[in-house]
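Let me begin by presenting the structure, written as structure tokens, before commenting on it.
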Amino acid sequence: MAGKSIFIDTTRCTACRGCQMACKNWNRNGASATKNLGSHQNPPDLDGNTFKLVRFSEVETEGKIAWYFFPDQCRHCLEPPCKDTIEGYVNDAVVLDDATGAVVYTEKAKEAPFDEVKTNCPYDIPRQNAKGQTVKCTMCVDRITNGMKPACVKICPTGAMNFGERDEMLKLAKERLALLKERYPKAQLLDADQVRVIYLVVDDPKKYHKNAVASLRPGIGNGNANKLAGPLRRIFESVIGV
Amino acid sequence: MTNHWIDLANSDCILIMGSNAAENHPISFRWVMKAKDGGATVINVDPRYTRTSTKADIYAPLRSGTDLAFLGGMIKYIVENDKYFKEYILNYSNASYILGEKYGFKDGLFSGFNADKKAYDASNWGYVLDEQGIPKKDPTLQDPRCVFQLMKDHYSRYDLDTVASITGTPKADLLKVYEAYSATGVPTKAGTIMYAMGWCQHTVGVQNIRTMSIIQVLLGNMGIAGGGVNALRGESNVQGSTDAGLLFHILPGYLPTPTASLQTLADYNKKNTPTTKDPLSANWWQNRPKYVVSLLKALYGDAAKPENDFAYSWLPKGEEGKAYSWLDLFDAMYARQIQGFFAWGMNPACSGANSNKTREALANLEWMVNVNVFDNETASFWKGPGMDPRKIKTEVFFLPCAAFLEKEGSISNSGRWAQWRYKAQEPVGESKPDGDIILELFNEIRTLYQKDKKARFPDPILNLKWDYATKHQFDPHLVAKAINGFWTKDTTIGDKTYKKGEPVAAFALLQADGSTSCGSWIYCQSYNADGNNMARRDKSDPSGIGLYPKWSWAWPVNRRIIYNRASVDPTGKPWNPNKVVVEYVGEVKDGKYVSGSWKGDVPDGPWPPLKNPDGSSRQDGKLAFIMKSDGYASIFGPGLKDGPFPEHYEPLECPVEKNPLSAQLNSPVAATFKSARDVIKSCDPRFPFVGTTYRVTEHWQTGVLTRWLPWLVEAEPQLFVEMSEQLAQLRGIKNGEKVVVESPRGSLEAVAIVTKRFKPFTVQGTEIHQVGLPWHFGWIYPPDGGDSANLLTPSVGDPNTRIPESKAFMVNVRKKGA
Numbered sequence: 001m002a003g004k005s006i007f008i009d010t011t012r013c014t015a016c017r018g019c020q021m022a023c024k025n026w027n028r029n030g031a032s033a034t035k036n037l038g039s040h041q042n043p044p045d046l047d048g049n050t051f052k053l054v055r056f057s058e059v060e061t062e063g064k065i066a067w068y069f070f071p072d073q074c075r076h077c078l079e080p081p082c083k084d085t086i087e088g089y090v091n092d093a094v095v096l097d098d099a100t101g102a103v104v105y106t107e108k109a110k111e112a113p114f115d116e117v118k119t120n121c122p123y124d125i126p127r128q129n130a131k132g133q134t135v136k137c138t139m140c141v142d143r144i145t146n147g148m149k150p151a152c153v154k155i156c157p158t159g160a161m162n163f164g165e166r167d168e169m170l171k172l173a174k175e176r177l178a179l180l181k182e183r184y185p186k187a188q189l190l191d192a193d194q195v196r197v198i199y200l201v202v203d204d205p206k207k208y209h210k211n212a213v214a215s216l217r218p219g220i221g222n223g224n225a226n227k228l229a230g231p232l233r234r235i236f237e238s239v240i241g242v
Numbered sequence: 001m002t003n004h005w006i007d008l009a010n011s012d013c014i015l016i017m018g019s020n021a022a023e024n025h026p027i028s029f030r031w032v033m034k035a036k037d038g039g040a041t042v043i044n045v046d047p048r049y050t051r052t053s054t055k056a057d058i059y060a061p062l063r064s065g066t067d068l069a070f071l072g073g074m075i076k077y078i079v080e081n082d083k084y085f086k087e088y089i090l091n092y093s094n095a096s097y098i099l100g101e102k103y104g105f106k107d108g109l110f111s112g113f114n115a116d117k118k119a120y121d122a123s124n125w126g127y128v129l130d131e132q133g134i135p136k137k138d139p140t141l142q143d144p145r146c147v148f149q150l151m152k153d154h155y156s157r158y159d160l161d162t163v164a165s166i167t168g169t170p171k172a173d174l175l176k177v178y179e180a181y182s183a184t185g186v187p188t189k190a191g192t193i194m195y196a197m198g199w200c201q202h203t204v205g206v207q208n209i210r211t212m213s214i215i216q217v218l219l220g221n222m223g224i225a226g227g228g229v230n231a232l233r234g235e236s237n238v239q240g241s242t243d244a245g246l247l248f249h250i251l252p253g254y255l256p257t258p259t260a261s262l263q264t265l266a267d268y269n270k271k272n273t274p275t276t277k278d279p280l281s282a283n284w285w286q287n288r289p290k291y292v293v294s295l296l297k298a299l300y301g302d303a304a305k306p307e308n309d310f311a312y313s314w315l316p317k318g319e320e321g322k323a324y325s326w327l328d329l330f331d332a333m334y335a336r337q338i339q340g341f342f343a344w345g346m347n348p349a350c351s352g353a354n355s356n357k358t359r360e361a362l363a364n365l366e367w368m369v370n371v372n373v374f375d376n377e378t379a380s381f382w383k384g385p386g387m388d389p390r391k392i393k394t395e396v397f398f399l400p401c402a403a404f405l406e407k408e409g410s411i412s413n414s415g416r417w418a419q420w421r422y423k424a425q426e427p428v429g430e431s432k433p434d435g436d437i438i439l440e441l442f443n444e445i446r447t448l449y450q451k452d453k454k455a456r457f458p459d460p461i462l463n464l465k466w467d468y469a470t471k472h473q474f475d476p477h478l479v480a481k482a483i484n485g486f487w488t489k490d491t492t493i494g495d496k497t498y499k500k501g502e503p504v505a506a507f508a509l510l511q512a513d514g515s516t517s518c519g520s521w522i523y524c525q526s527y528n529a530d531g532n533n534m535a536r537r538d539k540s541d542p543s544g545i546g547l548y549p550k551w552s553w554a555w556p557v558n559r560r561i562i563y564n565r566a567s568v569d570p571t572g573k574p575w576n577p578n579k580v581v582v583e584y585v586g587e588v589k590d591g592k593y594v595s596g597s598w599k600g601d602v603p604d605g606p607w608p609p610l611k612n613p614d615g616s617s618r619q620d621g622k623l624a625f626i627m628k629s630d631g632y633a634s635i636f637g638p639g640l641k642d643g644p645f646p647e648h649y650e651p652l653e654c655p656v657e658k659n660p661l662s663a664q665l666n667s668p669v670a671a672t673f674k675s676a677r678d679v680i681k682s683c684d685p686r687f688p689f690v691g692t693t694y695r696v697t698e699h700w701q702t703g704v705l706t707r708w709l710p711w712l713v714e715a716e717p718q719l720f721v722e723m724s725e726q727l728a729q730l731r732g733i734k735n736g737e738k739v740v741v742e743s744p745r746g747s748l749e750a751v752a753i754v755t756k757r758f759k760p761f762t763v764q765g766t767e768i769h770q771v772g773l774p775w776h777f778g779w780i781y782p783p784d785g786g787d788s789a790n791l792l793t794p795s796v797g798d799p800n801t802r803i804p805e806s807k808a809f810m811v812n813v814r815k816k817g818a
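Note that the protein sequences, when read in sequence, are chains U and B. The first sequence runs 1 to 242 under this note's numbering. The second sequence runs 1 to 818 under this note's numbering.
This is the structure:
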């Protein structure tokens, strides 16, 4: 599978949130009025103005503290269920970019029922913005096609965010994994064969974030049932004239 | 920093203590992670598990205010386990010096203490001198009166049990840190320290750093790649402003501020120019008179002449023994001794310790000028919480200034690099660069003096050299050239003639006879005949250790690692051949250098090394520590106000009644004040918890620049107080609820973050809780963001620097309404 990939090495992430800011900056996204809810994670979740969110998770195992950081974003699935879902309702609403593999929503994506799009994402990524548009990370496809790295990768000071050809990123990820396995037996790459945004974690993924891997969302990520749902429904709906 | 940011990557062991580098210096972690990739061990010691701790191989908690005890225990460990680098300390430190009879230490006090004056007489801390007047040495380090033995004796009290009972650090963690760090005491390993305000802001702040300096010398970590003592400067451009003499006790280039008793330049030079009887000591500060005269020429131009003592009498002078630090200024303002005040690029209503005192002091002024980018709690103090605008007579002027992207000039980073920056866009509205505001301000002041025939002491104003404008606008290039310096007349030295007006190439050429003008000797070479060296952007690195000598320019003379003569053995060969900073390369005949030069970084002076390859001594070599008058690094340091060896004392506000190390609970010489707002309550059951302040990545200082930026406020919207689950349970506090935090000086509302990352400490057998708050917030904006954590902090300070003890004080935390 050619195209691009982002490799996110969470062991190098310091949660400086440069990526969260750079994403807002490039996408000209605004900010919400937030409160401190007893956590440094803010805004509390992805939203219409936040395509990239650093999630903070405190874990204590046998008296030993860990504080995991998970820069959450669209995984740019190789076979994106959202594309099927959305295009079950409206044509040409999702571009699967040939050169990069980026999954990009167009204006039309809002015509698909948002709740269904959101629910069918194995990682709970799509959000609605104030204009009612369905939005998410674009992999900065506009930057990439102009020879630049995605904004979140460009700003990362520590090497947590990496971008390049998919095979190169997979190689880098596997090398790093092999190195970390020695010290962290639970080290793993998350859904590396299904997605273009590959995370490396060193503990049980759900300790980082409940939707860190696809299998954790009930009823999603297990094959063709969902994939067919959208197109089948569209055929069905066109027949009955909804 | 003795070293620089990129050099962190060269380290084998990085101790991050007294700083939270991942959060407050996020880019530093590019280099920390590179060091880790190379196999380095990263150690983090902090009261709280932070974003930095997540990347550390070893994390050890300690109670705020006990760093010195922690490090004193490390000295004991290094000495008793023979982890020190013996050849290094023999050749490059004063470990072998014999101390005079008058030096002593008993139960927490050094000899020479005057209880009435609360001060030491440091003349008690001298060395035994030989016939030439050079300190006597015992190269075996066995003499019971040698520095090494007295140091060993001093820290023998800092055993694991005692240290653990003070710091609250589990003994196993102490040992892990000591073992890992002291493993760098071999020639081929480097250990470094990244510290910041977590060490400075204590009544033992300077001594915290002194303790680490001793450790770095013992382990041979000074001058080498991946080593050094590295202060992470908290504000751009705090390094540059310190270099430029912003602090009260120094003029540009770290020249002491004159005092009233020093009536003539000769008096000043006599007092401030160190001498040595040792021909092997470079004693670089012997050149101070050249730098002072060159500065006076830069200030007063042609009006500074030999016949008027180069206008030395025009320099402002302090009263003998009187300090003019931040704490002292606001104490004087509180006492109505100051009428007018410029708060320039600062927000003292939130940034200074004991903000209630500061805010009341502002109300005692007749006028105040605030120069800033945004409105802030200082400019608007008169309408702040608890203020009645009708009763406040202070007239406030607000001058909007340009932000950093809207002006050109240099910025000096922690690694001493002066980097030139260009203007990205024009200032908004009527705002102006600070330089233009200063230019116009002084022009106006000078006009007033010119008009007023009765003006008192007009000479320093009317004669000030003030030629920094091009087409009536501030020109940073003219200032930079003046700082670099130039020849004031045609001058011939040796076979070379320098023309009047020509830039001085480097500070070795500066003169004490008025033939050179230089605004700051350490910046001489930054803008010379080669052009603006600060604007260089060449990415080549012939050193292979990340010196990048043609990227920007570093003071002094583009030296990237200070004290690099200590990175080699006495024959000039690098201790670590894999990471060469400098190396003496020369032709050798019969075991002796007959010619040669230094390769690598700009060496600490051109002289050859101390010894020939055959081990014979050279008369033309120089000792490694050229800025010390005796040429040696000071394990024994008699130059400070609180003693020659660092000693643990509790913060002035502390949770314990006894200091297990001595009868002296607190620093006997700490800076204290007596106003009605200076309340200190130690071991008071009303304030049972240790409090500290810190910063987050998302905000900057008091937040004047960041609280108006929506993305940053979205990420960190409100003042919070972090506490352990145990403390929250004790007080019935739920995560995320607003609570009250109060100290003897003030009270705040903050959102509780109940976290596993804070744990109670066991201190002298008692459970002690600690909480922490960031000081980025203020009442002006954002709404419901909270106020400054400095409402809680005490205005007491370190006796040397007078920095406030903002990092350790006592508070109470309770549910709202409880």
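We treat Cβ as the ideally placed atom computed from N, Cα and C, and that holds for glycine.
1. What are the start and end residues of the beta strand (DSSP E) that includes F905/B?
2. Exposed or buried, which one is E111/U when buried takes at least 16 other CB atoms within 10 Å?
3. Under 8 angstroms between beta-carbons, which chain U residues line up against R559/B? List them in chain order, please.
4. If contact is defined by three or more beta carbon pairs under 8 angstroms, each pair taking one atom from either stretch, is the segment 769 to 784 of chain B in contact with the segment 685 to 702 of chain B?
5. If distances are taken between C-alpha atoms only, which option among L37/U, K207/U, P157/U comes closest to C13/U?
6. Among E430/B, E320/B, A335/B, E395/B, which residue has its Cα nearest to the Cα of V373/B?
7. If you drop the 5 nearest sequence neighbours on each side, which residues of the same chain put their C-beta closer than 7 angstroms to that of P44/U?
8. Run through the DSSP bridge pairs and tell me what R127/U is partnered with.
9. Any beta carbon from chain B within less than 7 angstroms of I220/U's own beta carbon?
10. Quick check on this structure: which residue in L405/B, K357/B, P348/B, E406/B has the alpha carbon closest to the alpha carbon of A379/B?
11. Whose Cβ in chain U lies nearer than 7 angstroms to the Cβ of E698/B?
12. With distances taken from CA atoms, which of K86/B, A56/B, T706/B, R745/B is nearest K218/B?
13. How would you list, in chain order, the residues of chain U whose beta-carbon sits under 8 angstroms from the beta-carbon of V79/B?
14. Quick check on the burial criterion: 16 or more other C-beta atoms within 10 angstroms. Buried or exposed for L46/U?
15. With distances taken between CB atoms, is the gap from A109/U to V54/U smaller than 7 angstroms?
16. In chain B, which residues lie with their C-beta within 7 angstroms of the C-beta of E60/U?
17. Is the beta carbon of D67/B closer than 7 angstroms to that of N208/B?
18. Closer than 6 angstroms to a non-hydrogen atom of the ligand ADP - does that hold for the CB of A33/U?
19. Using a C-beta to C-beta distance shorter than 7 angstroms, which residues of chain B count as neighbours of L37/U?
20. On a CA-only basis, which of W779/B, V79/B, R757/B is nearest K64/U? Give me that one, please.
21. Strictly under 7 angstroms for the Cβ-Cβ distance: is R55/U near chain B by that measure?
22. Would you mind telling me which residues of chain C sit closer than 8 angstroms to G48/U, beta carbon to beta carbon, in chain order?
23. For chain B, find out if any of its Cβ atoms is closer than 7 angstroms to the Cβ of P43/U; answer yes or no.
24. Verify the CB distance criterion: does I6/U have a CB-CB separation below 7 angstroms to chain B?
25. Out of A508/B, F636/B, D243/B, point me to the one whose CA is closest to R96/B's CA.
26. Excluding five sequence neighbours on each side, which residues of the same chain lie with their C-beta closer than 7 angstroms to the C-beta of K186/U?
27. Between the beta-carbon of Y468/B and the beta-carbon of D459/B, is there less than 7 angstroms?
28. Report all residues from its chain with a CB closer than 6 angstroms to the CB of F381/B; omit the five preceding and five following residues, and keep chain order.
29. List the residues of chain U whose Cβ lies closer than 7 angstroms to the Cβ of I27/B, in chain order.
30. Can you confirm whether R30/B, when its beta carbon is compared against all beta carbons of chain U, has any partner nearer than 7 angstroms?
31. Have a look at A66/U and Y59/B and give me their C-alpha separation to the nearest angstrom.
32. Give me the residue from T41/B, G18/B, N124/B, T52/B with the minimum Cα distance to S28/B.
33. Near F486/B, which residues of its chain fall below 7 angstroms by C-beta distance, leaving aside the five closest residues on each side in sequence?
On the basis of the data shown:
1. With chain B running from 1 to 818 in the structure shown, residue 905/B is simply not present.
2. exposed
3. Chain U residues near R559/B: none, gap ~26 angstroms exceeds 8 angstroms.
4. yes
5. P157/U
6. E430/B
7. L37
8. V135/U
9. Its pLDDT being 49, under 50, I220/U is placed unreliably in this model, and the value from its coordinates should be taken loosely. No, its Cβ sits nowhere closer than 7 angstroms to a Cβ of chain B.
10. P348/B
11. R17
12. The sequence shown places Leu at residue 218/B, rather than the Lys named in the question. For L218/B, the nearest C-alpha among the options comes from K86/B.
13. Chain U residues near V79/B: none, gap ~32 angstroms exceeds 8 angstroms.
14. buried
15. no
16. K756
17. yes
18. Looking for the ligand ADP in the displayed structure turns up nothing, as the structure carries no ligands at all.
19. G736
20. R757/B
21. no
22. Looking at the structure shown, chain C is missing, and the protein chains on hand are U and B.
23. yes
24. no
25. The sequence shown places Ser at residue 96/B, not Arg. It is F636/B.
26. V202, D203, D204
27. no
28. A349, R359, L362
29. P157
30. yes
31. 11 angstroms
32. T52/B
33. G501, E502, P503, V504, S517
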